[in-house]
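Residue numbers (the numbering used here): 177 to 269.
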């Protein structure tokens, strides 16, 4: 499952209980390449050596002036813990 950085402060733009994450690493999405319905693990750095993330489904949407990808969290998949080995040295990259 691809790991894609996301800004968890940029969520809920659609209102009405929307928990989707809208600010995602465009380079990572292009490298996958992203597809509607694809499962990813969206994550952000929480504290030194700790990440926060969840499994999410990608959706390509238009919301007002925004056209792009959003990551819709899959329930009960949230993770907060040590940085996985494949991300060590690459946070934010």
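Note that the Cβ used here is the ideal one computed from N, Cα and C, for glycine as well.
- Residue state for residue 199 is assigned as coil, using DSSP reduced to three classes.
- Between the alpha carbons of residue 213 and residue 246 lies a distance of about 11 Å.
- In the DSSP annotation of this structure, the continuous segment of the beta strand (DSSP E) that includes residue 236 starts and ends at 226 to 239.
- Going by C-alpha positions, residue 197 is about 23 Å away from residue 264.
- Straight-line spacing of the CA atoms in residue 201 and residue 208 works out to 11 Å.
- Nearest to residue 180 by alpha-carbon distance, out of 190, 251, 223, 227, is 227.
- Per the coordinates, the alpha-carbon of residue 238 lies some 16 Å from the alpha-carbon of residue 192.
- Here DSSP, grouped into helix, strand and coil, assigns residue 191 to coil.
- Shown here, residue 186 sits in coil according to DSSP, grouped into three states, outside any helix or strand.
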